[in-house]
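To keep things clear, I will list the structure first and then write my remarks on it.
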Amino acid sequence: MSDAPRSAAPAAAPPRTAAVRFAAATLTGLFFFLLPLRVGGAWTIPFDLLVSAIRDGAPTLVRFTVLALITISALLTLGAAAQRALGRTWPVDLSPFATGWVFTAIRLAGAAVAVMVVSGTGPAALLDEGVGPMIFDSVVVAVAVIVPIGAVFVTLLVSYGGLEFIGTLARPVMRPLFRVPGRGALDALASFVGSYSIGLYVTNRMYLEGRYSARESATIATCFSSVSLGFFAVVAATLDLMPYFPLIVGSVLGLSVVLAAVLVRIPPLSRKPDTYAAEPRPEPEPEGPLVRTAVRRAVERAGASRGVARECATGFAEGVRLALVILPTILAVGTAAVLAAQHTPVFDWLGRPLEPVIALLGIPDADVVAPASLVGLSEMFLPALFATGAAVEAKFFVAVLSLTQLLFFSATIPLLLELDVPVRLRDCLALFVLRTTLSIPLIALIVHLVF
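Residue numbers (this note's numbering): 765 to 1215.
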């Protein structure tokens, strides 16, 4: 997404109007994603309340809407394949849905799984509540609601100066430590308080706008797209570790900083080129006092943007398009991964070499922890289910590791592969192995310090 459409917009707004736009839009966006609210005895944020209200208010309508989106995605993908095979130009541009034969097959498989799950007809293994319905209702439906709605409020931060403001303030930390622009702090924040899908949406948009290079976008997408704080609580509650919740959050955040600082300096991330998908718009060096520079750049950006309604409508449309592309892939790949984890011994086999390592590090129940350390590659919540009967030290170890690994086949990996950000499957697998390998001794040290 280049600057061309922006340049065709009306003349820049007066400075006072731009300043009001920046303040109002940024505060609204931050309010939506960050304001802590205590509802029903638990802490939450307005973003989660809105998503929950939509999902819980009309669950049947939402399920059938998601089914329709997945079916439409499969049909558009088939249309794009036919358009390319026949070499014809049709009235409707289907190029956003064009992909290779592998992902065409995956999207078609996702549509088939969606029909079976919603209709309740199909193989018993697939219709098991912990397989197809779990992926569809817990992951796919959530992403289908989160991405378009979140895109609207992300637009308020991105289009009216919030990105420039946060990026300028965070640059002194993000650039030397992680070799990425300060803007990356917004992606990480959006993931942590909202959803990894929102963080990845922001990263993809910044890459297409030329604000991130290929290397920077790949780094931010794979190192900072954390699951939300709400999911931290789900894992902690499942393992009966809520008394240790602050320690879990602190451990994961600390590990994430260390891992990101290391991984950006070694392959595969260090080998990504600093090329751009659009005219480069690198983050400029601060000029003068940091806060004053941040405010000035934010106001300039707000003054150059279109009206709120038009910007938000564009953001919503981009969110819907992204949802159409990723939903069938997440469903197909996620279901296959969970089936493999539950019905094959592959993760037990892979985990056996880790058993002596886990035992040597002094973690109890090594025979449970070892396979749980790798099963997170299929679905991030499965390690918690594996370790429910383990010792408290083992449960803490599994909780922190599963929340630190970030990359899993039920959601983040297929989502990454469908984005424009230059991340391939081999990159995801290599980074999962590296994150796991580096995390295990560090988490073991934390366990011994805590217990």
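Cβ atoms here follow ideal geometry from the backbone N, Cα and C, with glycine treated the same way.
Computed from a predicted structure; not experimentally measured.
So what does residue i bridge to, in DSSP terms?
i           : result
residue 741 : Absent from the model: residue 741. The displayed extent of the chain is 765 to 1215, so no value can be given.
To the nearest angstrom, how far is it from the Cα of residue i to the Cα of residue j?
i            : j            : result
residue 1140 : residue 1021 : 20 Å
residue 1193 : residue 974  : 27 Å
residue 1036 : residue 919  : 28 Å
residue 984  : residue 951  : 7 Å
residue 851  : residue 875  : 26 Å
residue 1281 : residue 1149 : Absent from the structure is residue 1281, since the part of the chain shown begins at 765 and ends at 1215.
residue 1208 : residue 1138 : 16 Å
residue 843  : residue 858  : 7 Å
residue 1178 : residue 827  : 21 Å
residue 1008 : residue 1151 : 16 Å
residue 866  : residue 1074 : 36 Å
residue 1044 : residue 822  : 43 Å
residue 1061 : residue 928  : 6 Å
residue 1224 : residue 1017 : Lying before the first or after the last residue shown, residue 1224 is absent from the chain, which here runs from 765 to 1215.
residue 1199 : residue 1169 : 6 Å
residue 1119 : residue 1143 : 21 Å
residue 1106 : residue 1117 : 20 Å
residue 1056 : residue 791  : 18 Å
Does the Cβ-Cβ distance between residue i and residue j come in under 9 Å?
i            : j            : result
residue 989  : residue 960  : yes
residue 1011 : residue 1214 : yes
residue 934  : residue 915  : no
residue 909  : residue 803  : no
residue 1090 : residue 911  : yes
residue 1167 : residue 999  : yes
residue 903  : residue 1098 : yes
residue 944  : residue 980  : yes
residue 877  : residue 890  : yes
residue 986  : residue 825  : no
residue 924  : residue 795  : no
residue 871  : residue 1092 : yes
residue 1203 : residue 941  : no
residue 1183 : residue 868  : no
residue 1039 : residue 982  : no
residue 1102 : residue 886  : no
residue 1079 : residue 778  : no
residue 1160 : residue 1005 : yes
residue 793  : residue 917  : yes
residue 922  : residue 897  : no
residue 873  : residue 841  : no
Helix, strand or coil, according to DSSP, for residue i in the structure here?
i            : result
residue 1050 : coil
residue 1159 : helix
residue 1120 : helix
residue 1184 : coil
residue 887  : coil
residue 821  : helix
residue 829  : helix
residue 1198 : helix
residue 859  : helix
residue 1127 : coil
residue 1039 : coil
residue 990  : coil
residue 1174 : coil
residue 1112 : helix
residue 892  : coil
residue 1143 : coil
residue 865  : helix
residue 843  : helix
residue 1179 : helix
Using a 10 Å radius around the Cβ and a threshold of 16 neighbouring Cβ atoms, would you call residue i buried or exposed?
i            : result
residue 926  : buried
residue 1147 : buried
residue 1059 : buried
residue 812  : buried
residue 1041 : buried
residue 955  : buried
residue 1095 : buried
residue 737  : This structure cannot speak to residue 737, because the chain is shown only from 765 to 1215.
residue 837  : buried
residue 1240 : Nothing can be reported for residue 1240: it is not among the residues displayed for the chain, which extend from 765 to 1215.
residue 1180 : buried
residue 776  : exposed
residue 820  : exposed
residue 1065 : buried
residue 781  : exposed
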